[in-house]
Structures are given as structure tokens and as C-alpha cells.
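Heads up: the structure comes next, in C-alpha cells.
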Amino acid sequence: MEVKKYRYNDMTERYRRMNRFYIIATVVLGGSFIVYLWLKMVMSSISAMTVYGNTVVMAAFTIANTVIYMRNRATKRLKIIATYEVGIEFLLVGVQSDARFISFAIIAIFLLQIPYFDKKGLTKTAVGMAVLYAIVTAVHIKKGVFVMNVSGFCEIILTVFIGIAILNVGKIIIAFNDDAMGATTEEQNNLKSFLNKVMDISKSVNADTAKSTELMDELLESTQSVAGSMKDITAATNNTAASIQEQNNMTSVINAAITQTSRTSEEMVKLAEDSNKSVKMNMELMEELKTQSADIAMTNETVSEAMRKLQERTEEVGKIAGMILNISGQTNLLALNASIESARAGDAGRGFAVVAEQIRQLAEQTKKSTEDITRIANELSTDANEVAESVKGTIAAAGVQSGKIETASESFKSLNENMEKLIGHVDDVNKQVNGLSESNNKIVENISQLSAVTEEVTVSAEQVYEQSQKNLEFVQQVKAAVNHIKNTSDEAEELM
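In the working numbering, the protein residues as written are 22 to 517.
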């Protein structure tokens, strides 16, 4: 069984202990009084009624004190009531008998007041007991039990001095006790305040350690996550490095393709410029051809007009030939009539007959020539018609050709414009390809730098991963220390 230290520092424990001792002391004092009275009764020095009465009173006082004590062992009323009871017994026995030893009962009761550390109660008890002592002494002097001589006087003086000494010693002890209790109380209050602060700090530490534990759990989880992430990052950077190397190779291939495209683009520019020159030459030729076609059309118009006029003249020649043929026919008839008439005339008309014959022959020749002219004129008319038709076809063909030349010229113009646009676009493409080549070179350079940075990041990630592992171990150690602090704080809180 654990014994509580400094248990009588508590006033309740003090009253409990003193009340137990006080009730025993009062019983002993009352019992001594009863024994004395019973002995005196046996010796026939006192009446039985006095003894019986005092015995009943003492028994009643003892029972009353026991009941009060059992109800509340730490009650303050027990000391007061028991003191009054002892005073009453002291007065009864002192007045009814010649017992001088009961003065020691007063001293005993007086001494019993000191451990209660009640200064007012001690003073009141001193005054009350002094009055009772004076009454009993006066009764004893009057009965002749106490003789007022030197010895009796010294007894009174000594008794009073002992009472005064006990009173002053009691006050000094109470003062010392009050100072000690005050200091102890102050220390207790200070200690209590300190313990409350310690308790608050302990609770705060407990709460903070709980939060720290949660934070350490979160930090542990985060550190584990960071460690896993750094492991993934290390693997990812390794994959990235491989991808960058592959991208570097692909970029080299792209760079070669861009270089080839740039060369092809330059060749396209040259071809486009050459084509543009050819188109311009063709446009010039088409302009000349257009001019010549216009000239041919005008010539054809002139030939057509000439052939029309020729046909008209041929028709006129035909008409004239017809008139000549008609005249030659009439001349032939006239010559025949003249021959007939000359034949009738005989010799007179012989000369006229010769002229008529010559005229007939001339008419025949004229007729034949006229027929030849008619035939030639008809043939010439037919040829003129055919030439006219051909010229019309030529004019129509020349018109179609002129339209086509015009269309071709427009096409060449459009082609020239498109070729110029194509040259511009190809030049832009060439510039863009050159810019793309420069950008690709920068990309190659950046990829090279990125490859170097990735290697550094990979090394750093591996170092961070190793550090994360160390931090993880450190966090686990810190968590264990925080848990130890929390357990210590809980134990301190239980102790307080």
C-alpha cells in the first residue's frame, strides 16, 4: 500500500488526527476524574449521588463526542464541544471534591489546543480555563482544602506561569506554523501555478506533438512520395535522355532533309526564273504573232476585196464578150447577107463579096476568140470564186487564229503572273526553309544543351533520391522522438 507523503500538510488530515487524539485524551481525563470519584466514594469521602451524577455526565459527554467524531472525523466542532465538556467536568469535580490534581487537566487541555493552530481558540481556552481555575481555587480556599501559604501561593504562581508559558509557546508555535504554512501555501500556490503552467505546456506539447506526429506522418508520406517520385523522375529522365538522343538523331536527319529541300528550293527558284524568262519570250512571240495575224487578216481582207473586184471585172468581161459574140454573129449574118447580095450583084459585087468574106472570116475569128475569152472569163470567175471562198476561209481561220492567239496571249500573261507569284512563293519557301534550317540548327543546339541538362538532372535526381532516402530515415527517427516526447508528456500529465 502506497503511503501518502506529507499527509498532515492537509488541514483535514490534521483535524482528523487531532480529533482522534483529542477524544482519547478527554476520555482519559474524564476516566481519571471518575476513578478518583469512585475511590473517594469507596473511602466514604464523597456521596454516591455525586459520583453517579458525574459518571452519567461523563458517559453522556463520551457518547456525544464519539457520535460527533464518527459522523465527521475532521470536524472543528469536536474540539470546542469537548473543551467545554472538560471545563464542565473540571468545575464539577473541583467544586464537589478536594482534588487539586485536576489542575493538571487544565494544563493538558491547554496543551491539546496547540496542534490545532487556532490562535483565537487557544486564547479563549486560556481565559476560560483561568476563570475555572480561579473559581475552583477560591472554592478550595473557602473549604480549607487549599491553604494560602507560601507553598500554596507558589503553586498558584507556578500554575499561572505555566499557563502563560503554554499560551505564549502556543502562539509562537502557531506563528511559526502560520509562517511555515503561509510559505508552504505560497510555495504550493507557486508550485500549483507552475504545475498548471507545466500542465498547460504539457497539454500544448501534447497537442503540438500530436500535430507534429500528424505532420511527421504527412511528411513521412510526402517523403515516401517524393522518394517514389524522384525514382520515377530518375527513370523518366533516363528515358528522356534516350528520347532526346533519338530526337537529336531525328533532328540531324531533318536537318539533312531541310538542307536538301533548301537546295531543291533554290533549284526551283532558278527553274521558275528560267520558266518566267521563257514565258516572257513566248509572250513577246505571241505579241509578234498577234501583230502578224492582224497583218495577215488585213492582207486577206485586201485579197478578198481584190478577188471580188476581179470577179466583177470578169463578169463585165463576160458581158462584153457576150456583146462581142452577139456583134460577131450579127456581123457574120451581115457578111453572109453581103455575100449573097454580092453574088446577086455579080461582078459589081465581087469586090464587096471579098470584103464580106473577110468580114465573115474576121467575125468567125472574133466569135472564136470571144468564145475563148468567155471560156477564160468563166474559168477566171470560177477560180476567183474559189479564191474568194478560200480567202473567206482564210479570213475565218485567221479570225479563229487571232482569237486563239489572243487566248494564248492571255494565258501566257496569266502564266507570267503565276510564274512571278510562283517565284515569290518559291523565294518565300526558300527563305522559310533557310529560317527552318537556322531554327533546326538552334533546336539541335538546344537539344544538345537539353541533353547535357538532362544528364545533370538525372545525376541530381539520383542524388535527391538518395537524400530522400536519408530524409525518410531521419523523418522516421524524428517521428520516434516526437512519439517519445508525447509519451513523456502523457506520463508527466498523469503524474500532475
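From the three backbone atoms N, C-alpha and C, an ideal C-beta is built for every residue, glycine too.
Just so it is clear, the structure is predicted and the values come from calculations on it, not from any experiment.
Less than 8 Å between the C-beta atoms of ILE135 and ILE194, yes or no? yes
*If we count the other Cβ atoms within 10 Å of its Cβ and call it buried at 16 or more, is GLY191 buried or exposed?*
buried
Practice task
Indicate whether the contact test is met: 3 or more Cβ pairs, each with one atom in the region 285–296 and one in the region 437–456, closer than 8 Å.
Solution key: yes
Q) On the premise that ILE109 lies in contact with LEU99, defined as a C-beta separation below 8 Å, what is that separation, rounded to the nearest angstrom? A) LEU99 to ILE109, Cβ: 16 Å. No contact.
Next on the checklist: Going by DSSP in three states, MET22 sits in which element: helix, strand or coil?
Outcome noted: Reliability fails at MET22, whose pLDDT of 45 lies under 50, so the model's placement of it is uncertain and the value that follows must be treated cautiously. Reduced to three states, the DSSP call for MET22 is coil.
Coil, strand or helix - ASP119 by DSSP
coil
_I need the DSSP call for ASP448, collapsed to helix, strand or coil._
helix
| request: Please report the residue range of the alpha helix (DSSP H) in which GLY149 lies. | output: 140–164
For GLU23, I'd like the list of residues in its chain whose CB is within less than 8 Å of its CB, leaving aside the five on either flank, ordered along the chain.
In this prediction, GLU23 has a pLDDT of 47, which is less than 50 and means its spatial position is unreliable; nothing more can be read from the coordinates.
* Asked: Using 8 Å as the Cβ pair cut-off and three pairs as the minimum, do the region 401–411 and the region 352–363 touch?
  -> no
To the nearest angstrom, how far is it from the Cα of GLU378 to the Cα of LEU354?
11 Å
Note to self: Please state the DSSP three-state secondary structure of ILE67.
What the structure shows: coil
Alpha helix (DSSP H) containing PHE125: first to last residue?
-> 124–134
* **Identity of the residue in THR282, LYS232, THR272 and ASP31 nearest ILE464 by Cα** => THR272
query = My guess is that LEU112 and LEU153 are in contact by the Cβ rule of under 8 Å, so how many angstroms apart are they, rounded?
reply = 6 Å
Legend entry - Close-in-space but distant-in-sequence residues of the same chain around PHE138 (CB under 6 Å, 5 per side omitted): ILE195 and ASN198
* When DSSP labels each residue in this structure, what does ARG396 get in the three-state scheme? -> helix
### Query
Which same chain residues, not among the five before or five after GLU34, have their C-beta less than 7 Å away from its C-beta?
ARG28
Rounded separation between ASP238 and GLN490 - CA only:
15 Å
How many angstroms separate the CA atom of LEU179 from the CA atom of SER66?
29 Å
Inset, instruction - Run the CB neighbour count on TYR73, radius 10 Å, all protein chains shown included, and call it buried at 16 or more, exposed below. - result: exposed
Practice problem: Taking ILE341 as the reference, give the member of ALA129, THR387 and ALA278 with the closest Cα. | Solution: THR387
Handout entry: Backbone CA spacing between GLU362 and GLU392 [nearest angstrom]
Key = 28 Å
Buried/exposed call for ILE45, threshold 16 Cβ in 10 Å
exposed
Less than 8 Å between the CB atoms is what I'm expecting for ASN40 and THR96, so what's the real figure, rounded? 7 Å
Exercise for review: Select from LYS330, THR47, LYS413 and ILE380 the residue whose C-alpha is nearest the C-alpha of ASN86.
Suggested key: THR47
If you measure between the beta carbons of ALA81 and VAL107, is that distance less than 8 Å?
no
**Asked** Is the beta carbon of ILE426 sitting closer than 8 Å to the one on SER314?
**Response** yes
(message) Would VAL430 and ALA318 be called neighbours here (beta carbons separated by less than 8 Å)?
(response) Per the sequence shown, residue 430 should be read as Ser rather than Val. Not in contact: SER430 and ALA318 (Cβ atoms no closer than 8 Å).
Secondary structure of SER37, DSSP reduced to three states:
The sequence shown places Arg at residue 37, rather than the Ser named in the question. Three-state DSSP puts ARG37 in a helix.
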